[in-house]
Amino acid sequence: MSSLVVLALALSIRPAAAENPNQAFAGRIMMSSKRFPQRAASPSAYTAAIRKQSQTSFYEAKDTHAWKIYFAGFLKAPLDDLEYVIKLYELTGKSQQLLVSFDQFTDERGQRTIVSNMTLDKKQVGVNKELLMTMESKGKVLASSRFKILGEGERFTGKVNFSEEEANGKKSNDD
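In structure tokens, the structure reads:
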């Protein structure tokens, strides 16, 4: 009986490596509407803070008609270059459609975690869409994540403005 209890306790304890954020989130981009913390008391506390703060739905700022998104990319492999590419794909339809692509630069090679932010303009990306964000280097996807951008779409009143001629039933000559 006592050996069964010891076995159950041993299985419920997670290894310390799983608390390392680079291993816990490998290949994922965590996103938030607030800046991510830069430090914590321990790796497990940092992992918990990232998990607690991350979100997948973002609401449009009414005054700017844009979304400010903070992200932390935990790469599958160390970045072997100073440049990486952020790509945003629309997933709302049946296929992926590339919406935006932009280059970013880091201070040094070998980075495993990249923390930055981006501002998405409503005119550029639209509204009420599900997007896929990827971090790529030399054509290889190092991290990715899905998220939604939500806000007010265009309002249509149903009101149509006719010219005076159209209102009187006269046709214009198209010949």
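When you line the sequence shown up against the numbering used here, it's residues 2 to 176, in that order.
Where a beta carbon is used, it is the ideal one built from N, C-alpha and C, also for glycine.
What you are looking at is a predicted structure, and each value in this text was computed from that prediction instead of being measured.
Considering only heavy atoms of the ligand COA, does any lie closer than 6 Å to the CB of residue i?
i	result
E20	Ligands in the displayed structure: none, and consequently the ligand COA is not present.
Using the three-state DSSP reduction, which class does residue i fall into: helix, strand or coil?
i	result
R147	strand
T107	coil
E131	strand
E165	helix
N1	Because the chain is modelled from 2 through 176, residue 1 falls outside the range shown and cannot be assessed.
S58	strand
S138	strand
Q125	helix
A27	coil
A50	helix
S45	helix
E84	strand
E153	coil
Quick one: residues in its chain with C-beta nearer than 8 Å to the C-beta of residue i, no 5 flanking neighbours on either side, listed in chain order?
i	result
Q97	Y90, E91, L133
E20	S43, P44, S45, T48
Q112	L76, P79, L80
If contacts are defined as beta-carbon pairs under 8 Å, then residue i and residue j qualify, I think. What distance do you get, rounded to the angstrom?
i	j	result
L100	V126	5 Å
S146	I30	4 Å
K139	D82	7 Å
Using the rule of at least 16 other Cβ atoms within 10 Å of the residue's Cβ for burial, across every protein chain shown, is residue i buried or exposed?
i	result
L76	buried
I115	buried
E166	exposed
S164	exposed
Pick from the options: whose alpha carbon is nearest that of residue i?
i	options	result
I70	F148, S164, S43, T107	F148
T120	N23, I30, F59	F59
K124	E84, P22, E153	E153
A25	I51, E131, N162, P38	I51
M32	N23, K53, R40	K53
S34	T57, A41, S146	T57
R110	N118, E84, E131, K130	E84
F37	F72, S164, I30, V128	F72
Within its chain, find whatever has a CB closer than 7 Å to the CB of residue i; leave out the 5 residues flanking it on each side and keep chain order.
i	result
V142	T135
N169	none
Return the chain-ordered list of same chain residues with a C-beta closer than 6 Å to the C-beta of residue i, the five sequence neighbours on each side being excluded.
i	result
K88	S102, T135
E137	V86
Using a C-beta cutoff of 7 Å, does residue i count as contacting chain B?
i	result
Q24	Note that chain B does not occur in the displayed structure, where there is just one protein chain.
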